[in-house]
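Visitor: If you scroll down you'll find the structure; I have some questions about it.
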Amino acid sequence: MLWHARATGGNTVARRTAIEWTEVTWNPTTGCDQVSTGCDNCYALTLAKRLKAMGAEKYQVDGDPRTSGPGFGLTLHPSALRQPYSWRTPQVVFVNSMSDLFHARVPMSFVHDVFKVIADTPQHTYQILTKRSTRLRKIADRLAWPSNLWMGVSIENEAALYRTDDLRSIPAAVKFLSCEPLVGPLPGLDLTGLDWVIAGGESGPSHRAIKPEWVRDIRDICIASQVPFFFKQWGGRTPKAGGRLLDDRIWDETPMPIHPPQSGPGAATA
10 MLWHARATGG NTVARRTAIE WTEVTWNPTT GCDQVSTGCD NCYALTLAKR LKAMGAEKYQ
70 VDGDPRTSGP GFGLTLHPSA LRQPYSWRTP QVVFVNSMSD LFHARVPMSF VHDVFKVIAD
130 TPQHTYQILT KRSTRLRKIA DRLAWPSNLW MGVSIENEAA LYRTDDLRSI PAAVKFLSCE
190 PLVGPLPGLD LTGLDWVIAG GESGPSHRAI KPEWVRDIRD ICIASQVPFF FKQWGGRTPK
250 AGGRLLDDRI WDETPMPIHP PQSGPGAATA
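Be aware that the sequence shown starts at 10, since it is given in this note's numbering, and climbs by one per residue.
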């Protein structure tokens, strides 16, 4: 059965995010390095530069200028590990919106620490995305996989399709693809063993155009495979510029019920 997400809300403790398929973000690490074409116009790199200039404590470490940038050096934040324990109502949590937990410089011990927090807080649902699926596959058997953890990989074009095979090999309760920014078609996309697909176009001043047939192909494969499909955006100069309609409807299917979020004040987090 396909379910529909309501991705608005939060509470007075956890901070909201504008990302349509989740509720809040949690960044026990920040910073990253470009590894594929999907990173070319990284929103997080741009945001980190701005946050550094504003004096944000988490974003004062610079990364390698060839692959990273100001405020975007890979940095661990052990103090952030305490945050989910204090959230008073269940949340859907995107882990490391400003980093990649499977970056080579994130110690195995710290990955274990993050997974322990997830296991200790089963009232929350956690979503992790990585482009580093090779490391994910190599260390998966050294991790205890909580049932409230959804694991995903980013797939931006045909060259990144190998990440789906890496994802299939791990024992996560929910496995999903984020085809965003979608910068090319995905011929031969195989959803065997996968539970959810998100797709979306790139946004920002240098955004690359997305073709409707790329999105329709993914949607049609999802329908044929009975895999929920979530279309996040067409993209453009701003994330909302092109809207979310695909063939006159909004596609916001999710792999299982997501609790209605609690009302209350909040703000986008980083």
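Glycine included, each C-beta is placed from N, C-alpha and C at the ideal position.
All values derive from a computational prediction rather than experimental measurement.
For R225 versus F240, is the C-beta distance shorter than 8 Å?
Guide: Start at 1 with the first residue of the sequence shown, and residue 225 comes out as number 216. Start at 1 with the first residue of the sequence shown, and residue 240 comes out as number 231. No, the Cβ-Cβ distance between R225 and F240 is not below 8 Å.
Visitor: The beta strand (DSSP E) with M160 in it runs from where to where?
Guide: Within the sequence shown, the letter at position 151 stands for residue 160. Following the DSSP letters along the chain, one finds M160 inside the beta strand (DSSP E) bounded by residues L158 to S163.
Visitor: DSSP three-state label for T46, please.
Guide: Looking up residue 46 in the sequence shown gives position 37. Helix, per DSSP.
Visitor: Tell me, please, whether the segment 210-229 touches the segment 188-196 by the rule of three or more beta-carbon pairs shorter than 8 Å.
Guide: yes
Visitor: According to DSSP, is C231 part of a helix, a strand, or is it coil?
Guide: For the purposes of this step, residue 231 is identified with residue 222 of the sequence shown, where counting begins at 1. Of the three classes helix, strand and coil, the one that applies to C231 here is helix, per DSSP.
Visitor: On the three-pair Cβ rule with 8 Å, is the segment 103-118 touching the segment 36-45?
Guide: yes
Visitor: Quick check on this structure: which residue in C231, V44 and M160 has the alpha carbon closest to the alpha carbon of R146?
Guide: By 1-based counting over the sequence shown, the position of residue 146 is 137. Sorting C231, V44 and M160 by C-alpha distance to the C-alpha of R146 places M160 at the top.
Visitor: Curious, which full-length alpha helix (DSSP H) runs of at least 4 residues does the segment 83-110 contain?
Guide: 92-95
Visitor: Out of curiosity, what's the CA-to-CA distance linking W30 and D261?
Guide: Within the sequence shown, numbered from 1, the residue matching residue 30 stands at position 21. Within the sequence shown, numbered from 1, the residue matching residue 261 stands at position 252. Using only the alpha carbons, I get a separation of about 8 Å.
Visitor: Return yes when the Cβ of I164 is within less than 8 Å of the Cβ of R172, no when it is not.
Guide: Your numbering for residue 172 matches position 163 in the sequence shown. Your numbering for residue 164 matches position 155 in the sequence shown. Cβ atoms of R172 and I164: closer than 8 Å.
Visitor: In chain order, what residues of the same chain lie with their CB nearer than 6 Å to the CB of F81, ignoring the 5 residues before and after it?
Guide: On the sequence shown, residue 81 is found 72 positions in, with the first residue counted as 1. Counting only Cβ-Cβ distances below 6 Å, and skipping sequence neighbours, we find G40, L54, A57 and G72.
Visitor: Indicate the three-state DSSP secondary structure (helix, strand or coil) for D119 in the structure shown.
Guide: As a first step, residue 119 must be located in the sequence shown, where it is residue number 110. The sequence given here has Phe at residue 119, not Asp. When secondary structure is reduced to three states using DSSP, F119 falls in the helix class.
Visitor: Whose C-alpha, out of Y68, T143, W243 and R114, is nearest the C-alpha of D175?
Guide: Position 166 of the sequence shown, counted from the first residue, corresponds to residue 175. The residue with the shortest Cα to Cα distance from D175 is T143.
Visitor: So, is I137 buried or exposed, given that buried needs 16 or more other C-beta atoms within 10 angstroms?
Guide: The residue labelled residue 137 in the question sits at position 128 within the sequence shown. By the 10 Å Cβ count, I137 comes out buried.
Visitor: From the DSSP output, in three-state form, read off T263 for me.
Guide: One-based indexing of the sequence shown puts residue 263 at position 254. Of the three classes helix, strand and coil, the one that applies to T263 here is strand, per DSSP.
Visitor: Within the segment 191-237, note down every full alpha helix (DSSP H) run reaching 4 residues or more, in order along the chain.
Guide: 221-234
Visitor: Check whether the segment 90-105 and the segment 128-136 are in contact - that is, three or more C-beta pairs closer than 8 Å.
Guide: yes
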